[in-house]
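Asks:
Number of protein chains: 2
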Amino acid sequence: MATLDHVFQALSNPTRRDVLTRLGRGPAAMTELAKPFGMALPSFLQHLQVLEKCGLVRSQKKGRVRVFELETQPLRLAEDWMKTHREQWEARLNQLDAYLLTMEKETND
Amino acid sequence: MATLDHVFQALSNPTRRDVLTRLGRGPAAMTELAKPFGMALPSFLQHLQVLEKCGLVRSQKKGRVRVFELETQPLRLAEDWMKTHREQWEARLNQLDAYLLTMEKETND
Chain V
0 MATLDHVFQA LSNPTRRDVL TRLGRGPAAM TELAKPFGMA LPSFLQHLQV
50 LEKCGLVRSQ KKGRVRVFEL ETQPLRLAED WMKTHREQWE ARLNQLDAYL
100 LTMEKETND
Chain H
0 MATLDHVFQA LSNPTRRDVL TRLGRGPAAM TELAKPFGMA LPSFLQHLQV
50 LEKCGLVRSQ KKGRVRVFEL ETQPLRLAED WMKTHREQWE ARLNQLDAYL
100 LTMEKETND
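This is the structure in structure tokens:
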């Protein structure tokens with residue numbers, strides 16, 4: 000799934016994660032988003048483009064200002080992938096625990 | 000958080016995600032893991048090293064064979080990060096919905 004590749008890739012950078020954290024509190028214009036990072040605007044814009052390309056944010060022009068907003072569907076997709084794998088493995092560990100307990104009980108009986 | 004950088008980076012590759020899927024069914028030796036990928040062993044080993052370095056898998060030598068196992072704690076860390084941000088944003092959208100409904104009701108009254 001190419002989408003998962005790009006979503007995880009986008010999330011692997013601390014600046015991009017901080018942008019998502021800020022957008023979790025509400026939409027923001029590019030200049031406002033850029034302020035805390037002290038980064039050249041073209042570099043910052045590249046991070047926003049990575050986030051927009053994989054669907055984690057979307058933007059729209061309001062007059063002369065471009066406003067960015069969080070999009071949760073790709074986060075949910077990535078979250079589901081991880082949850083499924085973690086639960087599958089934890090279930091397996093629980094089965095193993097149960098098996099070892101049975102073995103122990105049989106040995107003691 | 001450097002750990003999150005590395006975990007998300009590791010998850011952004013389909014071969015590495017497939018390895019985790021396989022390990023979700025139980026531990027496996029390197030040669031067994033490599034089999035479905037038809038990839039040169041040194042390249043495959045690099046993927047395993049990326050997974051082991053960020054803690055998503057751990058390995059131990061059993062006789063002459065190195066056996067790999069899934070480690071769920073980093074998955075949980077990344078999952079929690081995404082869940083927090085998704086829920087924060089969804090809660091904000093719900094508040095906005097409630098506000099708009101109130102406004103609509105007041106306009107109709």
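Residue numbers (numbering that gives the first Met the number 0), protein chains in the order written: chain V, 0 to 108; chain H, 0 to 108. All C-beta atoms, glycine included, are put in the ideal place defined by N, C-alpha and C. On a predicted model such as this, the values are computed, not experimentally measured, just so you know.
I want to verify the contact list: residues of chain V whose CB lies under 8 Å from the CB of residue 91 of chain H, in sequence order.
Replies: Stepping through the second sequence from its first residue, residue 91 of chain H is reached at position 92. Under the 8 Å cutoff, chain V gives 23, 24 and 25.
Asks: Restricting to Cα atoms, I'd like to know which of V/20, V/34, V/80 and V/30 is closest to residue 84 of chain H.
Replies: Within the second sequence, residue 84 of chain H is the residue found at index 85, counting from 1. When each option's Cα is compared against that of residue 84 of chain H, the closest is V/20.
Asks: Let me know the secondary structure DSSP gives residue 58 of chain V once reduced to three states.
Replies: Stepping through the first sequence from its first residue, residue 58 of chain V is reached at position 59. It is a strand residue.
Asks: Hey, how far is the Cα of residue 47 of chain V from the Cα of residue 74 of chain V?
Replies: Translated into the one-based positions of the first sequence, residue 47 of chain V becomes position 48. Translated into the one-based positions of the first sequence, residue 74 of chain V becomes position 75. C-alpha separation (whole angstroms): 16 Å.
Asks: Could you give the distance in angstroms between the alpha-carbon of residue 104 of chain H and the alpha-carbon of residue 98 of chain H?
Replies: By 1-based counting over the second sequence, the position of residue 104 of chain H is 105. By 1-based counting over the second sequence, the position of residue 98 of chain H is 99. Near 10 Å, if we compare the C-alpha coordinates of residue 98 of chain H and residue 104 of chain H.
Asks: What are the complete beta strand (DSSP E) segments, minimum 3 residues, inside the stretch 18-102 of chain V?
Replies: Fully enclosed beta strand (DSSP E) runs of 3 or longer: 56-61 and 64-69.
Asks: For the putative contact between residue 78 of chain H and residue 78 of chain V, defined by C-beta atoms under 8 Å, what is the C-beta separation to the nearest angstrom?
Replies: Reading the second sequence from its first residue, position 79 is the one you call residue 78 of chain H. Reading the first sequence from its first residue, position 79 is the one you call residue 78 of chain V. Yes, they are in contact, since the Cβ atoms of residue 78 of chain H and residue 78 of chain V sit about 6 Å apart, within 8 Å.
Asks: Using DSSP with H/G/I as helix, E/B as strand and the rest coil, what is residue 12 of chain H?
Replies: Within the second sequence, numbered from 1, the residue matching residue 12 of chain H stands at position 13. Three-state result, residue 12 of chain H: coil.
Asks: Can you tell me which of H/86, H/65, H/88 and H/50 puts its alpha carbon nearest to the alpha carbon of residue 29 of chain H?
Replies: For this step, residue 29 of chain H is matched to residue 30 along the second sequence. Out of H/86, H/65, H/88 and H/50, H/65 has the C-alpha closest to the C-alpha of residue 29 of chain H.
Asks: Excluding the 5 residues flanking residue 53 of chain H on each side, which residues of the same chain have their C-beta closer than 8 Å to its C-beta?
Replies: Indexing the second sequence from 1 puts residue 53 of chain H at position 54. Closer than 8 Å at the Cβ level, and outside the excluded window around residue 53 of chain H, lie 2, 5, 6, 8, 9 and 73.
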